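Scroll down for the structure; my scribbles are underneath it.
Protein chains in written order, with my numbering: chain A, 1 to 108; chain B, 109 to 386.
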């Protein structure tokens, strides 16, 4: 019983770290600059730390996978809003809709 | 007429807070005229009720709160600047009626609502964007009140209704003054999630829920709105669907009445409403 609970806790803490990164980019211009200039080094220096899987997904701009991983969708779109990690809003939209095709809306 | 011996609620309003609307109006975007006109209706009604303070009910969009997640919070600082999240919105410092804010917090605590106090804060687009329209050149002091509408668990609609009733009592327990209230938020909207339109970063996942909220507003049927605003319904309305809780809190502050004006932008899942002299 103990090991699965510990694994769940580790996952929850890690998703929190991605969410926190997305929140911080809105408020911290210096973090945005650092992510633009040295994305991998910046991601590896974050506290709380990201997992290797999360770093890879972030560097790939794979918001669909990050969303499926449990990252907050609203917060994820902040990366695209600020043009970070190769993302812009149309790219974010296409990738997150593709990850959940059953939820996609038709335009009005 | 003798001056009122207690404070009174002199107007109630509901507005959306799309962060891009000030840009659109400044740049003459296609919907600029419509947005300006709909906000102007609210601005005129707000000015006509001559408030001394504006109780501003909104929901933080992860700008103030994340590491700590209060359910209810009130800003009691002397002032705050914003918008903290959208530098394109003209930055302004907004005066806060700290004395009224502290009274409201104390009254709510005495009546079993454990509301926290923010002694230092910034304001995000949910406050600054609407104020750009409804109090553009007006140093109207506000009392910012935050309801968690984003990160679950959210407070229930029933709890928010009771909160609004307590706020109503709290205002009449204040020595004097004219207080207006505004709720800031949409009824159905998804931001950055999968339920967005193909050509946008937002969407309206539950247009039928927007229609239902509007129907209940027109019928002044707040009780049914509260009953139908379940957590499941709010989640189906989008990742910002909880914002209807801000409206429910505002609606609880006066006896049910149809809005004097109700302007709708269905493709945004939101509306502009006024209740002068509620």
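We treat Cβ as the ideally placed atom computed from N, Cα and C, and that holds for glycine. Since the model is a prediction, treat every value here as computed from it, not as a measurement.
Residue j and residue i - do their beta-carbons sit closer together than 8 angstroms?
i                     : j                     : result
residue 383 (chain B) : residue 345 (chain B) : no
residue 279 (chain B) : residue 115 (chain B) : yes
residue 222 (chain B) : residue 168 (chain B) : no
residue 302 (chain B) : residue 74 (chain A)  : no
residue 46 (chain A)  : residue 80 (chain A)  : no
residue 197 (chain B) : residue 252 (chain B) : no
residue 15 (chain A)  : residue 71 (chain A)  : yes
residue 334 (chain B) : residue 342 (chain B) : no
residue 122 (chain B) : residue 386 (chain B) : no
residue 219 (chain B) : residue 257 (chain B) : no
residue 367 (chain B) : residue 287 (chain B) : no
residue 165 (chain B) : residue 255 (chain B) : yes
residue 250 (chain B) : residue 162 (chain B) : yes
residue 140 (chain B) : residue 241 (chain B) : no
residue 227 (chain B) : residue 185 (chain B) : yes
residue 64 (chain A)  : residue 104 (chain A) : no
residue 348 (chain B) : residue 297 (chain B) : yes
residue 322 (chain B) : residue 372 (chain B) : yes
residue 69 (chain A)  : residue 309 (chain B) : no
residue 39 (chain A)  : residue 59 (chain A)  : yes
Examine chain A for any beta-carbon lying closer than 8 angstroms to the beta-carbon of residue i, and answer yes or no.
i                     : result
residue 128 (chain B) : no
residue 110 (chain B) : Caution applies to residue 110 (chain B), whose pLDDT of 44 falls short of 50 and renders its modelled position unreliable; the value that the coordinates give is listed next. Output row for residue 110 (chain B): interface = no.
residue 313 (chain B) : yes
residue 295 (chain B) : no
residue 174 (chain B) : yes
Please list, in chain order, the chain A residues whose beta carbon lies closer than 7 angstroms to that of residue i.
i                     : result
residue 233 (chain B) : Those within 7 angstroms of residue 233 (chain B) in chain A number zero; the least Cβ separation is about 11 angstroms.
residue 303 (chain B) : 103, 105
Going along chain B in order, which residues have a C-beta closer than 7 angstroms to the C-beta of residue i?
i                    : result
residue 26 (chain A) : 171, 193
residue 69 (chain A) : Simply none; closest approach about 14 angstroms.
With a threshold of 8 angstroms between beta carbons, is residue i in contact with chain B?
i                    : result
residue 92 (chain A) : yes
residue 97 (chain A) : yes
residue 1 (chain A)  : For residue 1 (chain A), the predicted structure reports a pLDDT of 43, less than 50, and the residue's modelled location is therefore unreliable. The matter cannot be settled from this model.
residue 32 (chain A) : no
residue 23 (chain A) : yes
residue 6 (chain A)  : Reliability of the predicted coordinates at residue 6 (chain A) is poor, the pLDDT of 47 falling under 50, and the value obtained from them is presented with this limitation in mind. No, its Cβ sits nowhere closer than 8 angstroms to a Cβ of chain B.
Quick one: what's residue i bridged to in DSSP?
i                     : result
residue 378 (chain B) : B:373
residue 57 (chain A)  : In the DSSP output, where bridge partners are listed per residue, residue 57 (chain A) has none listed.
residue 384 (chain B) : B:119
residue 166 (chain B) : B:254
residue 187 (chain B) : B:203
residue 298 (chain B) : B:311
residue 348 (chain B) : According to DSSP, residue 348 (chain B) bridges with nothing at all.
residue 224 (chain B) : B:181
residue 286 (chain B) : B:116
residue 231 (chain B) : B:190
residue 291 (chain B) : B:122, B:165
How would you list, in chain order, the residues of chain B whose beta-carbon sits under 9 angstroms from the beta-carbon of residue i?
i                    : result
residue 89 (chain A) : 300, 308, 309
List, in chain order, every chain B residue whose beta-carbon is nearer than 8 angstroms to that of residue i.
i                    : result
residue 20 (chain A) : 174, 175
residue 76 (chain A) : 300
Name, going along the chain, the residues of the region 240 to 269 of chain B whose beta-carbon falls closer than 9 angstroms to a beta-carbon of chain A.
-> 258, 259
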